[in-house]
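Some notes on the structure that comes next.
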Amino acid sequence: MDKNKQKTEQTRLQERSDLGMSQKVGVAGYFALIFAVIFFSGLLSDKENWASAFDYSTLTGNFGTMSKETATFRGIGGTGAMDGFLFSITLMPAVILALGIINVLDKLGALRAAQRLLTPLMRPIMGVPGVGAFVCVTGLQSSDAGASIIKEARETGMITEKERFILATWLFSASGIMVNYFGSGAALFDALTVPIIVPLLVIIAGKFIGANIVRIVLNIKYKGSDISGE
Amino acid sequence: MENKETQKTNVLDWFIEGARKGWDISIKNMMPNIVMAFTIVQFINKLGIMDVIGTIFSPIMGIFGLPGEAITVLLSAWLAMGSGAGVAASLYASGVLTMRHVTILMPAIYLMGAQLNYMSRCLGISNLPKKYWKWCLLVCIINAMIAMWIMNLIA
Chain Z
52 MDKNKQKTEQ
62 TRLQERSDLG
72 MSQKVGVAGY
82 FALIFAVIFF
92 SGLLSDKENW
102 ASAFDYSTLT
112 GNFGTMSKET
122 ATFRGIGGTG
132 AMDGFLFSIT
142 LMPAVILALG
152 IINVLDKLGA
162 LRAAQRLLTP
172 LMRPIMGVPG
182 VGAFVCVTGL
192 QSSDAGASII
202 KEARETGMIT
212 EKERFILATW
222 LFSASGIMVN
232 YFGSGAALFD
242 ALTVPIIVPL
252 LVIIAGKFIG
262 ANIVRIVLNI
272 KYKGSDISGE
Chain E
402 MENKETQKTN
412 VLDWFIEGAR
422 KGWDISIKNM
432 MPNIVMAFTI
442 VQFINKLGIM
452 DVIGTIFSPI
462 MGIFGLPGEA
472 ITVLLSAWLA
482 MGSGAGVAAS
492 LYASGVLTMR
502 HVTILMPAIY
512 LMGAQLNYMS
522 RCLGISNLPK
532 KYWKWCLLVC
542 IINAMIAMWI
552 MNLIA
């Protein structure tokens with residue numbers, strides 16, 4: 052009996068060590084290998100060719116350059132993963148500052164105050180409690196700060212999962228609109244047939260329409276109960 | 402003042418506690434997502450499929466009183482609001498889009514704008530579970546279509 056047990060254990064161990072060799076490799080695996088070789092080899096690195104979309108160094112991209120006085124450390128004209136990396140660093144101070152301040156405001160009771168004062172207003176408009184107004188006011192200027200408030204409100208249980216979904220949708224469509232509209236939109240102000248405030252009002256109306264689409268769908272699908280968390 | 406300082410946590414500690422959360426969420430949620438988004442943008446640009454998509458979508462753009470080329474404005478807006486506005490400005494300058502077209506497109510550029518970028522910022526930071534993200538994307542596109550329909554009436 053004991054001998055048999057030992058034997059099977061030995062074979063089991065051997066099998067395990069051979070695993071790499073004996074495991075089946077599907078067709079996809081070989082294709083992935085060929086792809087990896089091509090992707091990392093630089094064979095397709097010709098920048099003018101569309102096939103360079105499948106080249107590692109092309110997708111890695113470049114940092115922007117700083118020859119112009121207006122350039123920040125992100126540079127101008129960067130591409131790919133490298134530009135994305137620096138871009139995310141440019142956003143970090145705002146996120147860190149926003150969460151720091153919001154934590155202080157939250158500890159001082161600002162979110163609870165908004166909750167109490169503005170719930171009668173926000174419930175009919177968007178189906179969220181008063182803290183949602185805080186998200187809206189902040190979110191028009193800064194999506195990062197708005198998102199930080201949503202996170203904080205959810206973690207402290209001031210909003211439900213449903214309400215987070217509604218608020219996140221409101222925030223997500225036309226995010227940081229004040230900064231973006233008057234920033235990049237300025238390029239098109241001369242080409243408008245209506246006063247520049249009109250498209251902005253349509254945008255803000257659109258944010259509320261979108262949030263209410265989510266609200267209605269959620270209320271039909273999950274009547275009464277909250278949607279489950281993770 | 403002294404009372405406040407002798408308390409276990411003061412305002413500065415609260416700030417640092419929040420700021421640390423900001424660092425964590427930036428590094429762990431935002432940065433990987435943004436690097437991915439920028440890589441996808443680079444991929445699409447290099448592949449050069451923007452024009453092909455433009456011809457496919459021209460019948461749909463007609464519904465909103467727009468020429469087929471207008472889809473390139475929306476597609477680039479979807480990748481970055483600034484580039485959407487930039488494409489619209491260059492198409493307007495070259496006469497492909499009229500003032501009326503630009504006016505119709507204006508709200509849509511922002512309502513469905515920079516989704517890849519803001520996905521990581523809005524939805525990532527607010528910690529919305531990933532399985533709901535696609536619905537947020539869809540709602541933004543519906544928003545843009547509603548806005549173009551409204552603007553088509555008043556432009």
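Taken in order, these protein sequences are the chains called Z and E. Our numbering applies: residue 52 is where the first sequence begins, and numbers increase by one. Our numbering applies: residue 402 is where the second sequence begins, and numbers increase by one. Glycine residues also receive a C-beta, built at the ideal position from the N, C-alpha and C atoms. Remember, it's a predicted structure, so these values are computed and weren't measured experimentally.
Look at the Cβ atom of residue i, then the Cβ atom of residue j, and state whether they are nearer than 8 Å.
i, j, result
"residue 212 (chain Z)", "residue 180 (chain Z)", "no"
"residue 243 (chain Z)", "residue 503 (chain E)", "yes"
"residue 543 (chain E)", "residue 431 (chain E)", "no"
"residue 234 (chain Z)", "residue 438 (chain E)", "no"
"residue 232 (chain Z)", "residue 251 (chain Z)", "yes"
"residue 200 (chain Z)", "residue 420 (chain E)", "no"
"residue 183 (chain Z)", "residue 218 (chain Z)", "yes"
"residue 261 (chain Z)", "residue 412 (chain E)", "no"
"residue 240 (chain Z)", "residue 435 (chain E)", "no"
"residue 512 (chain E)", "residue 471 (chain E)", "no"
"residue 103 (chain Z)", "residue 447 (chain E)", "yes"
"residue 222 (chain Z)", "residue 185 (chain Z)", "no"
"residue 112 (chain Z)", "residue 127 (chain Z)", "no"
"residue 534 (chain E)", "residue 546 (chain E)", "no"
So, is the C-beta of residue i closer than 8 Å to a C-beta in chain Z?
i, result
"residue 471 (chain E)", "no"
"residue 464 (chain E)", "no"
"residue 544 (chain E)", "yes"
"residue 448 (chain E)", "yes"
"residue 456 (chain E)", "no"
"residue 548 (chain E)", "yes"
"residue 553 (chain E)", "no"
"residue 424 (chain E)", "yes"
"residue 479 (chain E)", "no"
"residue 529 (chain E)", "yes"
"residue 402 (chain E)", "The pLDDT assigned to residue 402 (chain E) is 42, lower than 50, so where the model puts this residue is not dependable; a value taken from the coordinates is nonetheless given after this. No, no contact with chain Z."
"residue 436 (chain E)", "yes"
"residue 460 (chain E)", "no"
Can you find a C-beta in chain E that's less than 8 Å from the C-beta of residue i?
i, result
"residue 147 (chain Z)", "yes"
"residue 266 (chain Z)", "no"
"residue 125 (chain Z)", "no"
"residue 246 (chain Z)", "no"
"residue 152 (chain Z)", "yes"
"residue 201 (chain Z)", "yes"
"residue 93 (chain Z)", "no"
"residue 163 (chain Z)", "no"
"residue 173 (chain Z)", "no"
"residue 232 (chain Z)", "yes"
For the alpha helix (DSSP H) that contains residue i, what are its first and last residues?
i, result
"residue 74 (chain Z)", "Run containing residue 74 (chain Z): none; DSSP gives neither H nor E here."
"residue 500 (chain E)", "500-512"
"residue 21 (chain Z)", "The first residue shown for chain Z is 52 and the last is 281, placing residue 21 (chain Z) beyond what the model contains."
"residue 416 (chain E)", "412-426"
"residue 550 (chain E)", "534-555"
"residue 487 (chain E)", "482-494"
"residue 212 (chain Z)", "212-223"
"residue 463 (chain E)", "459-464"
"residue 234 (chain Z)", "228-234"
"residue 95 (chain Z)", "It is not in any alpha helix (DSSP H) - residue 95 (chain Z) carries neither H nor E in the DSSP assignment."
"residue 176 (chain Z)", "161-177"
"residue 528 (chain E)", "Neither: residue 528 (chain E) is in no alpha helix (DSSP H) and is coded neither H nor E."
If you run the structure through DSSP and keep just helix, strand and coil, what is residue i?
i, result
"residue 127 (chain Z)", "strand"
"residue 189 (chain Z)", "helix"
"residue 116 (chain Z)", "strand"
"residue 433 (chain E)", "helix"
"residue 246 (chain Z)", "coil"
"residue 268 (chain Z)", "helix"
"residue 139 (chain Z)", "helix"
Say the cut is 7 Å; is the CB of residue i nearer than that to a heavy atom of the ligand HEM?
i, result
"residue 539 (chain E)", "For the ligand HEM, the structure offers nothing, since it holds no ligand at all."
* Does the region 190-201 of chain Z come close enough to the region 222-238 of chain Z that 3 or more CB-CB pairs lie under 8 Å? -> yes
*Mind the definition here: the region 101-110 of chain Z touches the region 261-277 of chain Z only if three or more C-beta pairs lie below 8 Å; say whether that holds.*
no
Notebook entry, point to check: Quick check: the region 493-507 of chain E against the region 527-539 of chain E, are there 3 or more CB pairs under 8 Å?
Noted result: No: fewer than three Cβ pairs fall under 8 Å.
Touching by the beta-carbon criterion (3+ pairs, under 8 Å), the region 196-209 of chain Z and the region 505-513 of chain E: no
Quiz item: For the region 96-122 of chain Z, which residues have a CB atom closer than 7 Å to at least one CB atom of chain A, in sequence order?
Solution: Absence of chain A from the displayed structure is noted, the protein chains being Z and E.
| Three or more C-beta pairs closer than 8 Å, one from the region 459-467 of chain E and one from the region 547-556 of chain E: is that the case here? | Short answer: they touch.
Next on the checklist: So, does the region 124-132 of chain Z touch the region 439-450 of chain E, judging by three or more C-beta pairs under 8 Å?
Outcome noted: yes
Check your understanding: With a cut-off of 8 Å, do at least 3 Cβ pairs link the region 152-160 of chain Z to the region 479-495 of chain E?
Key -> no
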